[in-house]
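Quick note: the sequence shown uses this note's numbering, first residue -11, plus one each step.
Quick reminder that beta carbons are idealized off the backbone N, C-alpha and C, glycines included.
Since we're looking at a predicted model, the values are computed, not measured.
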Amino acid sequence: LGLSIVREQMERIDGKVEVRTVQGKGTTIFLELPGTVASYRGLLVTAGGSKLLWPAEAVERAIGVSKQAAIAGMQSGLISLGSETIPFGQLAAVMGIAAADPAAESRRLLPCVVAKSGPRRAVFLVDGIIGESDVLIKDIPLPLRRVRHISSAGLLSNSEAILVLRASDLLASAQDFRAHLKAPVFSPADRPMRVLVVDDSITTRMMERNL
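Right under this line is the structure:
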């Protein structure tokens, strides 16, 4: 039953399963799936203490913005980029997580991402830019059907879990960056965290609770 489910899921994404058995030596199971499904490339940034991945196709470029320009841009919600004036804001504030104060920064230039989605463009201030990275994409499971600003989860090469950003949502929110300056910030320190353990086996439930 288990391997039939594996084959069904692999075939659903145009992959395949092959089983090879050599008498007296053992059995080897080969899983082959498209690279475009298995991995995803993007720009890894930090914002509000979290690592987030911008999809590569949504990143126009990474730039440094002076502290003075960043402070003025956050007040107006706009910034001049070449001959254009486009929306400007802080990624952490849009995500609803605790954001650093640009005025307290000692750096002369602050890292920003120039993002695009269709005809929309905006500049997002981030805490730091780690660089391009490949991740293994993991769909967000039920009951979370649609999470604003987030498209999926991902695993880095060191098995660290991160969130992959949904550029279309962020660019839509960028049309009024100033509305996010006073938006509520959600912190896990506000209340105790709880974990729900669900399994049809009471033995497994007890084992997982002990772990």
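Best match in the options for proximity to residue i [C-alpha to C-alpha]
i    : options                  : result
A86  : L98, D115 and R136       : D115
G37  : A88, I59, S139 and S64   : A88
K4   : I(-7), K13, S140 and G14 : I(-7)
E93  : V53, I125 and K39        : V53
P75  : P107, V7, S189 and L40   : P107
R152 : V47, M195 and L66        : In the sequence as displayed, the identity of residue 152 is Val instead of Arg. The residue with the shortest Cα to Cα distance from V152 is V47.
G77  : V33, V186, S189 and D164 : D164
Local Cβ density within 10 Å of residue i, reported as buried at 16 or more and exposed below that
i    : result
S201 : Because the chain here runs from -11 to 199, residue 201 falls outside it and cannot be looked at.
V10  : exposed
Whole-angstrom distance between residue j and residue i, CA atom to CA atom
i     : j    : result
M62   : A162 : 11 Å
S147  : S140 : 15 Å
V135  : A155 : 12 Å
A254  : I59  : Outside the shown range of the chain, which is -11 to 199, sits residue 254, and nothing can be said about it.
V204  : D127 : It is not possible to answer for residue 204, since the shown part of the chain is limited to -11 through 199.
S68   : T192 : 58 Å
T73   : R96  : 22 Å
K39   : V7   : 38 Å
R(-5) : G84  : 40 Å
A57   : I150 : 30 Å
L199  : V185 : 11 Å
L204  : G12  : The question about residue 204 has no answer here: the residues shown for the chain are numbered -11 through 199.
Contacting residues, own chain, Cβ-Cβ under 8 Å from residue i (five flanking each side not counted)
i    : result
L158 : L79, V82, A103, S105, A110, F112 and H137
A50  : L31, P99, C100, V101, V102 and I117
G65  : P75, F76, G77, D164, F165 and R166
F18  : V5, E6, V7 and R8
Beta-carbon contacts of residue i that lie in its chain and below 6 Å, excluding the five residues immediately before and after
i   : result
A35 : L79, A80, V114 and D115
Item to check | Validate contact between the stretch 121 to 128 and the stretch 26 to 35 using beta carbons, cut 8 Å, 3 pairs | outcome: yes
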